[in-house]
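Below is one structure, written out as structure tokens; the observations come after it.
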Amino acid sequence: MDETRSETCDKGEDSARTLKYTSVSSLGNSKAQPATAASSKLDRLSAEKASWPFPRRPRAQLAQGRPRVEGGAPPPGAKGRATPPSASPGPRGRSEASGACAPGSASFGRLRPLWSGARSLRGPLRSLPAAAAMNRLGRKDGETLIEMAQATDGESGEEVNGPLFENISNTDSEHPGNSEGLSTTETTLLISDLQGNTGRRFNLFLKRRLRIDKRHQSKDSIFFRDGVRQIDFVLSYVDDPNKEGEKKVERRREFESNLEKAGLELETEDKKESENGKTYFVKLHAPWEVLTTYAEVLNIKVPIKENDIPCAVENPLDFVAQPFRLPENVMHPEPDYFTAPFSKERQELYLIHDEQTFFSPSVRNRIVYYILSRCPYGTEEGKRKFGIKRLLSNGTYTAAYPLHDCQYWKKSNDPKCDNERYTLYREWARFFRFYKEQPLDLIKKYYGERIGIYFAWLGFYTEMLFFAAVVGFVCFLYGAFTMNENMSSKEICEPNVGGDIIMCPLCDRKCDYWRLNSTCESSQYSHLFDNVATLFFAIFMGIWVTLFLEFWKRRQARLEYEWDLVDFEEEQQQLQLRPEYEAKCTQKRKNPVTQEMEPYLPLTSQALRFCVSGTTVLFWISLIIASMIAVIVYRLAVYAAFASFMENAQTPTPIRRLLTPQLATSVTASCLNFVIIMILNFLYERIAIWITDMEIPRTHLEYENRLTMKMFLFQFVNYYSSCFYVAFFKGKFAGYPGSYTYLFGSWRNEECDPAGCLIELTTQLTIIMAGKQIWGNVQEAVLPWIWNWWGRRRARSSPENLYSRWEQDHDLQTFGALGLFYEYLEMVIQFGFITLFVASFPLAPLLALMNNILEIRVDSWKLTTQFRRPVAAKAHSIGIWQEILNGMAILSVVTNAFIVAFTSDMIPRLVYYYAYYTDPKSPMSGYINSSLSVFQTSDFSDENKPEHSKEDYETCRYRDYRYPPEHERKYTHTMQFWHILAAKMAFIIIMEHVVFIVKFFIAWMIPDVPSEVKAKIKREKYLTQKILHEYELNKLRQKLCEGRTYANMEKEVIASEGRVELAEVM
């Protein structure tokens, strides 16, 4: 045998071909994998064997010199891995073997001897003595992986006489990242006979080299080092040199020990392996036993049979929508199954083809996060502490997140990876795919049902906006085409009418008299939005809102069926006690339903907390009102300045023609108001979260609902208060010349433009709505991109092979538990703009449509590329947002009716058209003169009279319906004023009742759940019950065949058969 072995060694080729892993990991459960070298490399090895400088011994002697492996028991969380003697203990005793790699992990590449021109890992070493080369390669252990790689990059050496080993690039392999190579044990065997410092240095060089190769191979890995166990969650932390550092170490030790007791498997990456040399990464894996246990606890539904319900009949017009379709494998990545809640006792009933892939990654990370949020880590200050949230908040861990499955711009080299992130980016998260439908099933599969429901709602909302945008644009075109036919603006612009009408001063003392035709352009532009089509559009939007909400309920019901959420109950998922509630509530009482002891918050404590919370909310709402009053004061203060500026003859003509003092004041005030809104939002968000945490809500559902109501109430007042002021208060309480009303006795109230206040409301709405959308997109897309770019600045200059999957995700932004909350809030505020004030701006739905087309792609892009993967969560609806939308839909009918009646000039024009016209051939001629009252300038008080008037006019006109000075009831309201007021009230009552009747009739006519969905739900329930009953019946029959008591078993079989028959009858 020795001769045979020697002969084989002399040949060099057979031994290399038959060389296999003698893995240290055989002590555990891992499987050894063969390593086969390329034939060309073997030929080279055979040709150069004669010049091998080290003593060659028979294989038997090599076996005798094999080092003994100590520490055979694998550390916790690293099954199948033994600790070789060269391994240095990592944090908390975990192995940090830089030269050991379990079979199945990323291999280290082929090793071959070089006799001339030997190269280091990153650069050539020429004419360098062997000892010097070893000294340069064998650096201190304190160096990070990046520093080692960069150090060898710049080194240039010379020819050496000793053997160095070259890493053959993995580009020669079929799959990069899975190339074959020698194990650490074999490498040690090859150089076990090296003597002295040269051998030790060479061993150190190999250890570092193999470590770098390991990092290169694991760049896109989502598995443990064994290449089998999937990484379900990652925790990261850094060493804390402060006094708190020891406490944090103890917390981590206790926490991770309890995680292992809960069944999770852990594997730690030392900070030397990280890109920055500071961060430790703890990788978590949930084995099958843990997944099945908690799948039953969380009532997760799993497939039991492929769905045999036939698909709906194809629509012959589907070819029209073909350009907007996505490939079938993207739209439906999984087959449709009948499902049932998981039970460990019935595992053989489910379609379990592979335990590793049976639970999707989103379900796995959801289960692991459930464990993390409830795992204890000790007792501090007499209180039991637990949960990853608290550990993140006190700095024990810096991050906790599940991994993305691959890089978004290219597919993973791992054949076991589904590359769902890459698919989502290619087909969904790019702007140039804006015309394509959304892959909702794939979104749900990757991110979970809650995020899937949000994108489904946003997509449906955008689809429905298309119809509102088309109708609104048609109404706008009607106003544009009839602009020249508008009699009111014609009379204002005519020199013989508007040019002869002298208007009273716009402010006290500083302002002079002015002519009506100076507002010609603004009156023409106001007709774009203030016309007959405005009334039609206001009624249409009241009906559109109802259709949108009712059709969304139907779409939501269909998604509930398709995503197995029909039997989803909030009590099972959302009504679980929050870990924070369990930790802070020390008192316990018996639950009347479960008869178990559970923590509770005393009523007195709840009342006190609610009082503090309510007082805080009222204070901030008062602060909003105070800021709005401050903006009003600004409007009144600058109004006089703009008025005097506009009337100045030196003012450029284009400015005077386009901007009236009212419009200039409205534009600047709207911009100032927008800035104040953004600042108050930034501050209040943190206050709302703080006071909600202080209330200690019992469940996650209560927490979200309370926070939602606080934030929405605040933002409702913040965003809409200025619009309400312009729509319903501005110009309504201005008084008349000689008897103006003043705010706080100092500032004279504003007047509306002669053409009405609607154009100012349009300006206010446009600035706030457009500004919010632009700022929102900048905040959502640009800022995360900048932060990620800055965070990766060091990694961009580092070798790409040293940037692992968990580090790449660690450098991304955190989506957060409230990330989706802010997305809903943004869209609901936008919904308010296009419904509450749409009568003043028919183009609002069009702006919202364009924003939402961009919003879908921005949200998908940032979620896929800029944020860590969120923890999956279930949701069967949009939650409390549905009720908020319903409330806003009802309120929108009232606000639009008041806008048409009191802000628009439509009702006064209609009253004049039918009751006060003077020319039958042109009923609207003379309307402007009729809408302006006369004031005698001699009645001005000294406080109101202009100081420097160019001309002395006997009378001036103002916008109101009052008797002239020569009338016995001078300056009191005319009968026409009361007729118009009665018409306005009658219009509001009629419009509200008509729209409400139509709304409720439509809501009653449209069922919330489609009939075909109801039939499918019943069919699935029936088949599922039948399958479960047959399964139980077969188990009872098997027990009967095993020789159990016949009488008892016969009764059980009869009972089970009766249940099956009953299910069939039902």
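All residue numbers for the sequence shown refer to our numbering, where the first residue is 124 and numbers rise by one. Every residue gets a Cβ at the ideal spot worked out from N, C-alpha and C, and that includes glycine.
Below 6 Å CB to CB, which residues in the same chain sit around residue i once its five sequence neighbours on both sides are set aside?
i: phenylalanine 69; result: A query on residue 69 cannot be resolved here, the shown segment of the chain reaching from 124 to 1189 and no further.
i: arginine 489; result: Ala995
i: alanine 552; result: Ser983, Trp984, Thr987
i: lysine 853; result: Glu873, Cys880
i: proline 212; result: In this prediction, proline 212 scores a pLDDT of 38, lower than 50, which makes its location untrustworthy; the coordinate-derived value is nonetheless stated afterwards. Around proline 212: no qualifying Cβ.
i: serine 844; result: Met751
i: leucine 358; result: Val405, Tyr520, Ala523
i: glutamate 949; result: Gly899
i: phenylalanine 554; result: Arg980
Mind checking which residues open and close the beta strand (DSSP E) that includes residue i?
i: histidine 408; result: 402-408
i: tyrosine 1035; result: First-last for tyrosine 1035: undefined, no H or E at that position.
i: glycine 501; result: 499-503
i: isoleucine 427; result: 424-429
i: tyrosine 460; result: 460-464
i: tyrosine 1081; result: 1078-1082
i: glutamate 721; result: 720-722
i: lysine 506; result: 506-509
i: lysine 997; result: Premise fails: lysine 997 is in no beta strand (DSSP E) and is neither H nor E.
i: arginine 712; result: 711-713
i: tyrosine 473; result: Counting along the chain, tyrosine 473 falls outside any beta strand (DSSP E), and DSSP gives it neither H nor E.
i: tyrosine 1040; result: Element bounds for tyrosine 1040: n/a, residue is neither H nor E.
What are the boundary residues of the alpha helix (DSSP H) that includes residue i?
i: tyrosine 1094; result: Premise fails: tyrosine 1094 is in no alpha helix (DSSP H) and is neither H nor E.
i: glutamate 673; result: 655-685
i: alanine 579; result: 572-604
i: alanine 850; result: 823-851
i: alanine 1020; result: 1003-1021
i: alanine 893; result: 881-900
i: tyrosine 1154; result: 1134-1164
Who are the near neighbours of residue i in its chain, counting only those whose CB is closer than 8 Å to its CB and skipping five residues on each side?
i: phenylalanine 1058; result: Cys627, Tyr859, Pro860, Gly861, Thr1078, Cys1079, Arg1080, Tyr1081, Pro1088, Tyr1094
i: aspartate 1131; result: Glu673, Lys676, Arg677, Ala680
i: aspartate 441; result: none
i: phenylalanine 990; result: Pro907, Leu935, Gln936, Thr937, Phe938, Gly942
i: glutamine 773; result: A caution first: glutamine 773 carries a pLDDT of 48, below 50, which makes its placement in the model unreliable, though a value can still be read off. Hits under 8 Å: none found.
i: isoleucine 1150; result: Ile427, Lys428, Phe461, Ala463, Leu472
i: methionine 817; result: Arg732, Val735, Ser736
i: leucine 836; result: Val740, Ile744
Return the bridge partner residues of residue i from the DSSP annotation.
i: leucine 389; result: Leu407
i: phenylalanine 346; result: Gln353
i: leucine 1055; result: Arg1082
i: lysine 870; result: The amino acid at residue 870 is misidentified as lysine; the sequence shows tryptophan. For tryptophan 870, which the question treats as bridged, DSSP gives the partners Leu866.
i: glutamine 936; result: Phe990
i: alanine 552; result: Looking at the DSSP assignment, alanine 552 forms no beta bridge with any residue, so it has no partner.
i: arginine 638; result: Ile625
Who are the Cβ neighbours of residue i in its own chain at under 7 Å, not counting the five residues just before and after it?
i: serine 1139; result: Position check: residue 1139 holds lysine in this sequence, whereas serine was assumed. Contacts found: Ile432, Tyr684.
i: proline 499; result: Asn381, Arg507, Lys508, Phe509
i: glycine 622; result: Arg638, Asn640
i: glycine 894; result: Phe797
i: proline 410; result: Gly386, Glu388
i: methionine 454; result: Pro562, Asp564
i: phenylalanine 599; result: Leu651, Pro965, Leu966
Using 8 Å for Cβ pairs, my map puts residue i next to residue j. What's the rounded Cβ distance?
i: glutamate 572; j: alanine 998; result: 5 Å
i: glutamate 903; j: valine 981; result: 6 Å
i: tryptophan 898; j: methionine 834; result: Incorrect: roughly 17 Å between the Cβ atoms, too far for contact.
i: arginine 549; j: cysteine 529; result: So it is not a contact: roughly 12 Å between Cβ atoms.
Quick one: is the Cβ of residue i within less than 7 Å of any heavy atom of the ligand NAP?
i: tyrosine 545; result: This structure does not include the ligand NAP; it has no bound ligands of any sort.
When the Cβ atoms of the stretch 639-646 are set against those of the stretch 598-618, are three or more pairs found closer than 8 Å? yes
Counting Cβ pairs, one atom from each stretch, are 3 or more of them under 8 Å apart for the stretch 1021-1028 and the stretch 657-670? yes
Three or more C-beta pairs closer than 8 Å, one from the stretch 585-605 and one from the stretch 960-969: is that the case here? yes
Would you call the stretch 364-375 in contact with the stretch 477-493, where contact means no fewer than 3 C-beta pairs closer than 8 Å? no
Between the stretch 441-456 and the stretch 558-567, can you find at least three pairs of beta-carbon atoms closer than 8 Å? yes
Are there three or more Cβ pairs, one per stretch, closer than 8 Å when the stretch 1013-1022 is compared with the stretch 663-673? yes
Assess, as a yes-or-no matter, whether the stretch 395-404 is touched by the stretch 925-934 under the definition of 3 or more beta carbon pairs within less than 8 Å. yes
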